[in-house]
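Each residue of the sequence shown is one higher than the one before, starting from 1 at the first, in this note's numbering.
Note that the Cβ used here is the ideal one computed from N, Cα and C, for glycine as well.
Quick notes on the structure that follows.
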Amino acid sequence: MIYRLHRAFIKALMLLLAISGGLINLCSAEETRDFTLQDIQQHDALLAEVNALTPGDKLKWYRQQIENNSGPTEFYWLNRAFALELLKQGDLQSIKPICSQSKPLDQDFLYRHGCLEASEPSYSDYQIEMQSIIFEAQNSEQNSIAARLFRNLAWRQSQEGDFGAAFTSYETALEIVPSDDSDLVNSLLFDSASNYIAHGDDAYVERGVKLLNRVRKNYEELLAVAETDDDRKHLTLQIQFAYFNIGVAHILHLYQYDKALDAFKKVNNANNALSANSLTYSALAAANLSRIDEAQGFLQRAKKERDGDPVFDQYLSCYRHLAEYFWNKNVSFEPCFNLYDNTSVEVKIDIYKRLSDVQNKEVQIFALEQLKALFVNVLEPKLRSRASAAASNLELKRLQRESELKSLVLEKEQQLNIAKNARFTAQRNFFIALFFILLFFLLLVYFQFRQKRQLAEQYHQMSFRDSLTQLGNRRLLEHNVQRELATVSRNIQQGKTSALGIFIFDIDHFKQINDTYGHNVGDEVLQQLSRRIHSTIRETDLLVRWGGEEFVCLAQVEDKSQTLDIANRILKVVNSVDFMVGDGLELPVSCTIGIVQYPFVDTDNQESWTRLISLADSALYYGKSLGRDCWVMIENVAVSSYQEVEELLTKPLAETINKGIVTVTSSKPDLNKEELN
1 MIYRLHRAFI KALMLLLAIS GGLINLCSAE ETRDFTLQDI QQHDALLAEV
51 NALTPGDKLK WYRQQIENNS GPTEFYWLNR AFALELLKQG DLQSIKPICS
101 QSKPLDQDFL YRHGCLEASE PSYSDYQIEM QSIIFEAQNS EQNSIAARLF
151 RNLAWRQSQE GDFGAAFTSY ETALEIVPSD DSDLVNSLLF DSASNYIAHG
201 DDAYVERGVK LLNRVRKNYE ELLAVAETDD DRKHLTLQIQ FAYFNIGVAH
251 ILHLYQYDKA LDAFKKVNNA NNALSANSLT YSALAAANLS RIDEAQGFLQ
301 RAKKERDGDP VFDQYLSCYR HLAEYFWNKN VSFEPCFNLY DNTSVEVKID
351 IYKRLSDVQN KEVQIFALEQ LKALFVNVLE PKLRSRASAA ASNLELKRLQ
401 RESELKSLVL EKEQQLNIAK NARFTAQRNF FIALFFILLF FLLLVYFQFR
451 QKRQLAEQYH QMSFRDSLTQ LGNRRLLEHN VQRELATVSR NIQQGKTSAL
501 GIFIFDIDHF KQINDTYGHN VGDEVLQQLS RRIHSTIRET DLLVRWGGEE
551 FVCLAQVEDK SQTLDIANRI LKVVNSVDFM VGDGLELPVS CTIGIVQYPF
601 VDTDNQESWT RLISLADSAL YYGKSLGRDC WVMIENVAVS SYQEVEELLT
651 KPLAETINKG IVTVTSSKPD LNKEELN
């Protein structure tokens, strides 16, 4: 009996292996390619010819070449390039058959992304697949491609209302993008800035403006060395776009009309669709500044120009009437009542808020009704979508697969019961075969689930860790800073002496190090500096790379003396011994530190930590002006409220020192005490 069971088991196992082997061989035969991605990329030289064509002619060219292709390598390249061009033109439906006919190679990350977009997956599935592709690209040291994929992921996250995740994706892309890929760096900076301005709070809007100014300066440097008219024309337009978006940030979000006007004036003479927009916004900004003659001049010019897009022209007409209202209270707001449905939410909110301030009850009621409709129909659903997008679908998928497997087992058991009168040997053989098939599927499901969980965990770790220095990154600080502030507040409420030292510091003359010795040496300096500082602070202190050569440290202290002791230790560990980099190169390195202590204002309310970082940043730059290689600490003298902190950040630090609003302490022994007080 045992012998017969053993024989049946061996037969069933051999049968399963034979079937599995046949399937594996079949799949392998279908997927085997006799070319690599490097072979494919040799055809990229043809792109110069294709890129000179119009969008429609490009598609015709690809179709003709695919019909006349001569080999598998060229066929794959044509299908791949055709799919990526269709993706650029937004034709997802036409990509699907291409991806089915010519499946992407594992290492072809951009083509895989195009096919993923064409499959139009749900948001949660899209995130999982994109994270998997990005992770593989980074493991293959394709950081430029990984950064592009992060940008695409951030765009989808922003469209879904998941703005926090979008911010993180943009910041991660900026951390990993190669510095020599200037086009991608500038594109990421521009997209990040636009996202910050459109969806962030005031602090993020300010950050967006800083990024746009950085992009603008990059483009101006490229313009200075541009060799062709096309390059100069393209770069000039990018500079104008940067100025225009800076103006939009100031007029629609920060309400800083003087700064908005300064930015728009850089675009007003462009004589294109952009200038049609900027002239209208210039009129509105000048009117809000009570510079009526100037506003009327802008308005007269704006009426002669058009954007060309009816959606834009309609709301620009509304803005012109809002500007005219400052000197003509009888102006009609009819254009504002008929905005197109696809006008951006950013513009609609701004227009309706301005209309609600008009001294006309009918106009005010209309504006308030439209704001309510925007909330109910657009903003509230996005908030709900954002909340649901935050939930992971992995557990649901696991339960669904387990349920399917259980159903399959029940179905097979029913089949066995129906066949109970069949011959015992056949029944036994069938059961053994079924057991191994089920085991195969269970193992397959288990390994797929484990792989996805590992990818999710790896991505989570990546999002909190700086890949170069292995320190925490900005997101880690944002995740923990409220806990640090709460600890101090709780200690103070319990009668304990407690404060939070906030240090921001960067490497002096770091750009010169990069320019002189190269980015590899610069990276080594950043790594050594991170290790040195990490060795001198306490385990309870939080040290992160803030961005570029900037670092931030949060430390629980009892008083000012402990804060300054930490600052002195950081200075000493950095500049006491030269840095050994490259092939035995010794570099003297120093840093400058800006310091502020929480609580800064004597109030029960917690200050915004971003404002405290900004104060510390002001102290850092003040230290730069004193000659670098020092620490500077800002202390409160006459600031008593949040609003005054906001005003403090808008003024030069030297001015507030001279007025006695704040005082500073520095490690510079020869610092003029009268200047500090």
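Around the CB of N268, 16 or more other CB atoms lie within 10 Å, so the residue is classed as buried.
DSSP places E478 in the helix class (H, G or I) of the three-state scheme. With respect to the C-alpha of T650, the residue from V525, A203, E294 and T540 having the closest C-alpha is A203.
For F510, DSSP records no beta bridge to any residue.
K348 counts as buried, since no fewer than 16 other beta carbons sit within 10 angstroms of its beta carbon. If you look at G594, you'll find it in the beta strand (DSSP E) that goes C591 to Y598. Nearest to A249 by alpha-carbon distance, out of N195, N218, T663 and E220, is N195. A contact is defined here as three or more CB-CB pairs under 8 Å, and the segment 549-568 meets this definition with respect to the segment 497-513. The C-beta distance from L261 to A242 rounds to 16 Å, too long to meet the 8 Å contact threshold.
Here Q142 is not bridged, per DSSP, to any residue. Exclusion of the five residues before and after W327 leaves I292 as the residues of its chain whose Cβ lies within less than 6 Å of its Cβ. The beta carbons of V632 and G623 sit about 4 Å from each other, so the pair counts as a contact at 8 Å. The closest CA to that of Y340, considering only P310, K60 and G522, is found on P310.
Y642 and S344 have their C-alpha atoms some 32 Å from each other. Beta bridge pairing from DSSP links S666 with V632.
Judged by beta-carbon spacing, I197 lies within the 8 Å limit of V205, meaning their Cβ atoms are closer than that value.
For the pair F600 and K259, the Cα-to-Cα distance works out to about 29 Å. By the criterion of at least three beta-carbon pairs nearer than 8 Å, the segment 563-573 is not in contact with the segment 611-623. Rounded to the nearest angstrom, the gap between the Cα atoms of T516 and L587 is 12 Å. The shortest C-alpha to C-alpha distance from L46 to any of L78, Q38, E67 and P72 is the one to L78. Membership of Q42 in any alpha helix (DSSP H) is not indicated, and neither H nor E is assigned to it by DSSP.
In the three-state reduction of the DSSP assignment, V347 falls in the helix class.
If you draw a straight line from the Cα of V331 to the Cα of Q359, it comes to about 12 Å.
In the structure shown, W327 adopts coil according to DSSP, grouped into three states.
Taking 4 residues as the minimum length, the alpha helix (DSSP H) runs contained wholly in the segment 195-232 are 202-224, in order along the chain. Distance from the Cα of Y315 is smallest, within the candidate group Q300, G627 and F333, for F333. Contact between the segment 476-494 and the segment 523-532 is absent: fewer than 3 CB-CB pairs across the two stretches fall below 8 Å. With at least 16 other beta carbons inside 10 angstroms of its own, D466 counts as buried. Between Y598 and L585 a beta carbon distance of about 40 Å is seen, past the 8 Å cut, so the two are scored as non-contacting. When DSSP states are grouped into helix, strand and coil, R453 belongs to the helix group.
A137 places its beta carbon less than 8 Å from that of F109.
Sorting T168, N68, V378 and E117 by C-alpha distance to the C-alpha of L92 places E117 at the top.
Taking a contact to require three or more Cβ pairs closer than 8 Å, the segment 94-106 and the segment 123-135 do not qualify as touching. Secondary structure at Q256: coil, using DSSP grouped into helix, strand and coil. Annotated as distal: L211 and S182, with beta-carbon spacing of 8 Å or more. In the displayed model, V574 falls within a helix according to three-state DSSP.
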